[in-house]
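Asks:
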Amino acid sequence: MSSHQDHYKRRKEGEIAMLTSVEDLLEIDDRIASIESERSQLAAQLELARQAAEKKSSVARKIEVLASEIAQRATDLDSVRQLKAQYGDLKVLCDLEKLYVLQEEQQMAQDQLRQVGDELSELSLVEPGQISLDTLSRLHAELSRIRRLLNTPSPVYDSFESVLRSSANDLSNKFNRQLLESKWDTPAFVPISTQTIETMRGMSTTLYRLSQLRFTIEEEQTWNFKCIANNFTIRFTYHFHDGNFKLETYFKFLNDYLTENLHKCIGIFHDESFGLTKEYVLDQFIDHVLFPIRREVRSNLMKDDRSVKFALISQILTTDRSLTKNFHYHGDGLVPLIPAEVWDIWLSYEVSTATRQFQQITKDPKDMAKSATDFVRLVNKIYDSLSPFYSFEAESLKRYKLLTCSQIFISLSSAYMDYLLAVDALDEHRTAENELYQTLIKLQNFNVVYRRIFELSQEFVMIQLTETVNLKEGTKYQSLFQNILGEYKKVIDEEIQPSVVRRIKKLLKETLRNYFKIGSWSTLTRDSSVMSAEIVNAVKLLSRIIKRLDALDISLEACLGIKNELLNIIVNYFIESILKLNRFNHAGLKQLEFDFHALKESLNLPETVSNCQDTILRELLKVLFAKYDDSCRGFFDSSYIKTSEFSALRDMLSISALKDSEIQDALYRVAYGSII
Numbered sequence: 268m269s270s271h272q273d274h275y276k277r278r279k280e281g282e283i284a285m286l287t288s289v290e291d292l293l294e295i296d297d298r299i300a301s302i303e304s305e306r307s308q309l310a311a312q313l314e315l316a317r318q319a320a321e322k323k324s325s326v327a328r329k330i331e332v333l334a335s336e337i338a339q340r341a342t343d344l345d346s347v348r349q350l351k352a353q354y355g356d357l358k359v360l361c362d363l364e365k366l367y368v369l370q371e372e373q374q375m376a377q378d379q380l381r382q383v384g385d386e387l388s389e390l391s392l393v394e395p396g397q398i399s400l401d402t403l404s405r406l407h408a409e410l411s412r413i414r415r416l417l418n419t420p421s422p423v424y425d426s427f428e429s430v431l432r433s434s435a436n437d438l439s440n441k442f443n444r445q446l447l448e449s450k451w452d453t454p455a456f457v458p459i460s461t462q463t464i465e466t467m468r469g470m471s472t473t474l475y476r477l478s479q480l481r482f483t484i485e486e487e488q489t490w491n492f493k494c495i496a497n498n499f500t501i502r503f504t505y506h507f508h509d510g511n512f513k514l515e516t517y518f519k520f521l522n523d524y525l526t527e528n529l530h531k532c533i534g535i536f537h538d539e540s541f542g543l544t545k546e547y548v549l550d551q552f553i554d555h556v557l558f559p560i561r562r563e564v565r566s567n568l569m570k571d572d573r574s575v576k577f578a579l580i581s582q583i584l585t586t587d588r589s590l591t592k593n594f595h596y597h598g599d600g601l602v603p604l605i606p607a608e609v610w611d612i613w614l615s616y617e618v619s620t621a622t623r624q625f626q627q628i629t630k631d632p633k634d635m636a637k638s639a640t641d642f643v644r645l646v647n648k649i650y651d652s653l654s655p656f657y658s659f660e661a662e663s664l665k666r667y668k669l670l671t672c673s674q675i676f677i678s679l680s681s682a683y684m685d686y687l688l689a690v691d692a693l694d695e696h697r698t699a700e701n702e703l704y705q706t707l708i709k710l711q712n713f714n715v716v717y718r719r720i721f722e723l724s725q726e727f728v729m730i731q732l733t734e735t736v737n738l739k740e741g742t743k744y745q746s747l748f749q750n751i752l753g754e755y756k757k758v759i760d761e762e763i764q765p766s767v768v769r770r771i772k773k774l775l776k777e778t779l780r781n782y783f784k785i786g787s788w789s790t791l792t793r794d795s796s797v798m799s800a801e802i803v804n805a806v807k808l809l810s811r812i813i814k815r816l817d818a819l820d821i822s823l824e825a826c827l828g829i830k831n832e833l834l835n836i837i838v839n840y841f842i843e844s845i846l847k848l849n850r851f852n853h854a855g856l857k858q859l860e861f862d863f864h865a866l867k868e869s870l871n872l873p874e875t876v877s878n879c880q881d882t883i884l885r886e887l888l889k890v891l892f893a894k895y896d897d898s899c900r901g902f903f904d905s906s907y908i909k910t911s912e913f914s915a916l917r918d919m920l921s922i923s924a925l926k927d928s929e930i931q932d933a934l935y936r937v938a939y940g941s942i943i
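According to this note's numbering, the sequence shown is numbered sequentially starting from 268.
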């Protein structure tokens with residue numbers, strides 16, 4: 268077959284494929300219209316694209332022309348402003364305007380700097396005392412503005428500092444002489460007139476204002492307060508120049524001087540109009556008086572003698588606390604002078620000292636009874652000695668505060684718990700009752716120490732430290748002491764208290780042995796008003812134990828918890844070992860009831876305390892005593908007992924605690940003759 272024929276065949280097959288049905292023939296007009304619509308939309312999109320391309324090309328040409336014009340014309344501030352008027356606030360033009368404005372300002376500043384330099388050269392030839400504060404203030408203001416614009420070093424600033432310091436030194440010398448001659452910080456100071464005070468205040472204020480004009484503050488001191496503290500520096504140096512005095516003498520000298528002169532200084536030298544408030548004068552005066560003390564502190568901290576360092580830290584803490592508490596000082600004080608390595612040595616010393624004192628408390632088992640009191644006394648002593656240290660808020664000290672908490676208070680509390688669990692203070696003549704009393708003492712000691720640890724955890728500094736740890740580690744501790752408190756609580760609740768109950772139970776069971784053997788409950792002839800002879804020893808024993816228990820320094824909750832457990836044990840004995848195992852007549856039941864109350868009363872429980880087991884025994888006796896009440900006779904019929912529905916009985920006898928099964932068992936005992 269020829270290629271022409273093949274092509275014709277394929278075209279026919281395609282047409283047949285496209286027009287496979289009558290429906291396709293009917294829809295061909297719609298398809299043609301749809302294709303025409305798509306072609307029109309495509310043509311419109313192509314036209315928009317062509318227009319956008321032309322516009323983009325036009326904008327690019329305009330930008331190129333504008334850039335060329337800016338490059339050629341924007342050579343100074345005026346030309347840039349002309350271009351802004353022509354083209355508007357284009358960003359590039361605004362930036363250029365700012366740049367040219369800054370350049371002009373900087374050029375003016377350079378010119379002004381040279382002028383100031385020339386003026387300072389002239390002033391350097393003038394007597395310092397002839398240069399006025401106003402002149403120096405004006406030059407400082409000009410240089411400050413110039414410095415902000417240029418932000419580059421210049422010898423002119425050094426020239427200003429030189430002239431400023433010359434003026435300040437001249438006035439300082441005069442002020443120092445005035446202060447020495449006036450003897451203002453001695454009891455001999457009696458101002459001749461208010462003019463004397465005004466003169467001294469004026470010189471101080473002027474020096475203070477001069478010190479505010481410094482550009483470089485290399486020295487820590489303010490000129491006027493350096494002068495005001497000069498009298499103290501001279502006296503301190505004179506008294507302690509040979510270094511033979513004890514450290515505490517330095518600090519006593521400081522305290523006495525401030526006590527005598529601080530308020531006098533504030534009264535003379537405060538000047539509110541220039542920022543010399545009373546609070547500022549107080550802090551600055553103390554700060555400057557501390558300068559010679561700081562020199563001595565640094566010198567002593569460099570010594571190898573550990574005892575000197577420990578004594579110095581103690582004095583520093585005490586002094587800084589006194590400055591804050593007694594003189595209302597808010598400055599840095601002396602604590603920041605102590606480097607980290609000295610704090611490390613101090614911490615090691617405090618920990619070892621506390622540990623040694625703890626070992627002294629716990630070395631003799633015979634001292635176990637008073638060990639809790641001694642331990643609490645030790646904790647109080649350590650906390651009091653650390654209180655000055657805890658009162659400082661420096662960030663660098665938080666680490667050492669946390670370490671004292673963990674390595675001293677928490678560590679010693681844990682060690683005491685281990686000691687108390689293991690210690691045995693009894694000799695070879697031990698008895699079960701003495702072992703009980705030893706356990707009671709341990710219970711008291713655990714409670715006493717637990718209470719003190721909890722109180723310690725509520726101290727403000729410990730709450731702060733807990734917040735610090737939570738913020739740093741992302742934890743939610745209620746207290747830094749929560750783990751050790753939890754351990755103490757667990758030992759008390761799960762070991763010591765249960766041990767006390769077990770030991771009393773064992774003793775009580777032994778003394779009740781003969782009571783359990785009584786077999787005459789059903790043969791007693793009359794109700795007794797005295798307890799059975801077989802229970803007397805048990806009552807005496809329990810009274811003796813409870814007297815010891817009530818004398819303990821433990822929580823009411825713990826005491827009542829033990830007594831309730833004992834009452835449960837007693838009730839169980841009376842029900843399971845006596846009532847259920849014996850036959851009773853009316854007199855026997857009465858005797859049992861009397862004996863139970865005698866034993867219960869020896870527990871010395873408050874009348875307001877209710878006990879479920881006690882209620883069960885009382886209600887059980889009610890059911891049994893109903894045997895002797897004719898109105899209750901129907902309750903003991905087998906038909907009634909089998910119903911297990913005892914609402915009528917409950918209502919008549921006021922029974923609420925007994926289960927139906929317990930009522931049923933009691934009724935059967937009566938019905939089968941156990942109660943006669």
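C-beta atoms are modelled at their ideal positions from N, C-alpha and C, and glycine is treated no differently.
These figures come from a predicted structure and were not determined experimentally.
When you compare the CB positions of Ile829 and Leu809, do they come within less than 8 Å of one another, or not?
Replies: As a working note, residue 829 is residue 562 in the sequence shown. As a working note, residue 809 is residue 542 in the sequence shown. Not closer than 8 Å, so no.
Asks: Please state whether the Cβ-Cβ distance between Thr472 and Gln551 is less than 8 Å.
Replies: The residue labelled residue 472 in the question sits at position 205 within the sequence shown. The residue labelled residue 551 in the question sits at position 284 within the sequence shown. Their beta carbons are not under 8 Å apart, which means Thr472 does not touch Gln551 by this criterion.
Asks: Please classify Pro559 as buried or exposed, where buried requires at least 16 other C-beta atoms within 10 Å of its C-beta.
Replies: Residue numbering aside, residue 559 sits at position 292 when the sequence shown is read from its first letter. The residue in question, Pro559, is buried, as its Cβ has 16 or more Cβ neighbours within 10 Å.
Asks: Would you identify the three-state DSSP class for Asp571, choosing helix, strand or coil?
Replies: Taking the sequence shown and counting its residues from 1, the one referred to as residue 571 is at position 304. Coil.
Asks: For a minimum of 4 consecutive residues, which ranges assigned as the alpha helix (DSSP H) are wholly contained in the region 529 to 604?
Replies: For the region 529 to 604, whole alpha helix (DSSP H) runs of length 4 or above, ordered along the chain, are 545 to 568 and 573 to 594.
Asks: How far does the alpha helix (DSSP H) with Leu480 in it extend, from its first residue to its last?
Replies: Counting from one through the sequence shown, the residue named residue 480 turns up at place 213. Unbroken run through Leu480: none, as it is neither H nor E.
Asks: Please return the same chain residues whose Cβ sits closer than 7 Å to the Cβ of Ala924, not counting the five positions on each side in sequence.
Replies: By 1-based counting over the sequence shown, the position of residue 924 is 657. Excluding residues within five positions, the ones whose Cβ falls inside 7 Å are Cys879, Thr882, Ile883 and Glu886.
Asks: From this set, Glu617, Lys857 and Ile708, which residue's C-alpha is nearest Tyr650's C-alpha?
Replies: As a working note, residue 650 is residue 383 in the sequence shown. Per the Cα distances, Glu617.
Asks: Could you tell me whether the region 776 to 792 touches the region 853 to 870, where touching means 3 or more Cβ pairs closer than 8 Å?
Replies: Yes, since at least three Cβ pairs between the region 776 to 792 and the region 853 to 870 fall closer than 8 Å, the two stretches touch.
Asks: Can you say whether Ile922 is buried or exposed, counting buried as having 16 or more other CB atoms within 10 angstroms of its CB?
Replies: Working through the sequence shown from its first residue, we reach residue 922 at position 655. Answer is buried; the Cβ neighbour count reaches 16.
Asks: To the nearest angstrom, report how far apart Leu584 and Glu515 are at their CA atoms.
Replies: As a working mapping, residue 584 is identified with position 317 in the sequence shown. As a working mapping, residue 515 is identified with position 248 in the sequence shown. Whole-angstrom Cα-Cα distance: 12 Å.
Asks: With a cut-off of 8 Å, do at least 3 Cβ pairs link the region 829 to 841 to the region 763 to 777?
Replies: The region 829 to 841, when compared against the region 763 to 777, does touch it at the 8 Å Cβ threshold.
Asks: Does the distance from the CB of Leu477 to the CB of Ser434 come in under 8 Å?
Replies: Taking the first residue of the sequence shown as 1, we reach residue 477 at position 210. Taking the first residue of the sequence shown as 1, we reach residue 434 at position 167. Yes, the pair counts as a contact, with Cβ atoms nearer than the cut-off.
Asks: For Phe851, which option in Leu775, Asn781 and Arg936 has the closest C-alpha, if you only look at C-alpha atoms?
Replies: Reading the sequence shown from its first residue, position 584 is the one you call residue 851. Selected option, being the one with the closest Cα: Arg936.
Asks: Look at Val457 and Val423 and say whether their C-beta atoms are less than 8 Å apart.
Replies: To locate residue 457, count along the sequence shown from 1; it is residue 190. To locate residue 423, count along the sequence shown from 1; it is residue 156. Cβ atoms of Val457 and Val423: not closer than 8 Å.
Asks: Can you list, in chain order, the residues of its chain with a C-beta nearer than 8 Å to that of Leu826? Leave out the 5 residues immediately preceding and following it.
Replies: Stepping through the sequence shown from its first residue, residue 826 is reached at position 559. Per the sequence shown, residue 826 should be read as Cys rather than Leu. Once the five neighbours on either side are set aside, the close Cβ partners of Cys826 are Leu816, Asp817 and Leu819.
Asks: Buried or exposed: where does Thr504 fall if 16 or more other Cβ atoms within 10 Å of its Cβ makes it buried?
Replies: As a working mapping, residue 504 is identified with position 237 in the sequence shown. Classification of Thr504: exposed, given that the 10 Å Cβ count is below 16.
Asks: Measure the alpha-carbon distance for Glu912 versus Asp927 and round it to whole angstroms.
Replies: Taking the sequence shown and counting its residues from 1, one reaches residue 912 at position 645. Taking the sequence shown and counting its residues from 1, one reaches residue 927 at position 660. Roughly 7 Å separates the two Cα atoms.
Asks: Of all the alpha helix (DSSP H) runs that stay within the bounds of the region 751 to 799, which reach a length of 4 or more residues?
Replies: Runs found: 764 to 778 and 780 to 783.
Asks: If you drop the 5 nearest sequence neighbours on each side, which residues of the same chain put their C-beta closer than 8 Å to that of Gln674?
Replies: Here residue 674 corresponds to residue number 407 of the sequence shown, with the count starting at 1. The residues are Leu614 and Val618.
Asks: Touch check for the region 661 to 678 and the region 707 to 715: three-plus C-beta pairs under 8 Å?
Replies: Flag = no, the region 661 to 678 and the region 707 to 715 do not touch.
Asks: For Glu754 and Ala865, what's the separation of their Cα atoms in angstroms?
Replies: Position 487 of the sequence shown, counted from the start, is the residue given in the question as residue 754. Position 598 of the sequence shown, counted from the start, is the residue given in the question as residue 865. Cα to Cα, the separation comes out at about 38 Å.
Asks: Quick one: what does DSSP say Phe492 is sitting in, helix, strand or coil?
Replies: Taking the sequence shown and counting its residues from 1, the one referred to as residue 492 is at position 225. Helix.
Asks: Please classify Gln725: is it buried, with 16 or more other beta-carbons within 10 angstroms of its beta-carbon, or exposed?
Replies: Within the sequence shown, the letter at position 458 stands for residue 725. It is exposed - the Cβ of Gln725 has fewer than 16 other Cβ atoms within 10 Å.
Asks: So, Leu747 versus Ile720, is the Cβ gap smaller than 8 Å?
Replies: Stepping through the sequence shown from its first residue, residue 747 is reached at position 480. Stepping through the sequence shown from its first residue, residue 720 is reached at position 453. No, they are not a contact pair.
Asks: According to DSSP, is Phe659 part of a helix, a strand, or is it coil?
Replies: Here residue 659 refers to the residue found at position 392 of the sequence shown. In the structure shown, Phe659 sits in coil (DSSP, three-state: anything other than H, G, I, E or B).
Asks: CA-CA distance, Gly940 and Tyr840?
Replies: Taking the sequence shown and counting its residues from 1, the one referred to as residue 940 is at position 673. Taking the sequence shown and counting its residues from 1, the one referred to as residue 840 is at position 573. Roughly 22 Å between the two C-alpha positions.
Asks: I'd like to check one pair, Arg481 with Leu431: are the Cβ atoms closer than 8 Å?
Replies: The residue given as residue 431 occupies position 164 in the sequence shown. The residue given as residue 481 occupies position 214 in the sequence shown. For Leu431 and Arg481, yes; Cβs fall inside 8 Å.
Asks: May I have a chain-ordered list of the beta strand (DSSP E) segments no shorter than 3 residues that lie completely inside the region 836 to 870?
Replies: Taking only runs of at least 3 residues, no beta strand (DSSP E) segment lies wholly in the region 836 to 870.
Asks: Taking the C-alpha atoms as reference points, what is the distance between Gln312 and Leu344?
Replies: Residue 312 sits at position 45 when you count from the first residue of the sequence shown. Residue 344 sits at position 77 when you count from the first residue of the sequence shown. Using only the alpha carbons, I get a separation of about 47 Å.
Asks: Among all the DSSP beta bridges, which residues are the ones paired with Ile942?
Replies: To locate residue 942, count along the sequence shown from 1; it is residue 675. Per DSSP, Phe851.
Asks: Using 10 angstroms around the beta-carbon of Gly281, count the other beta-carbons present and answer buried if the total reaches 16, otherwise exposed.
Replies: Taking the first residue of the sequence shown as 1, we reach residue 281 at position 14. Any reading at Gly281 needs caution, since the residue's pLDDT is 44, under 50, leaving its predicted position unreliable; the model's value is listed next. Answer is exposed; the Cβ neighbour count stays below 16.
Asks: Just to confirm my understanding: we take Phe492, look at its own chain, exclude 5 residues before and 5 after, and list those with CB closer than 7 Å. What are they?
Replies: Locating residue 492 in the sequence shown gives position 225, counting from the first residue. Gln551, Phe552 and His555, listed in sequence order.
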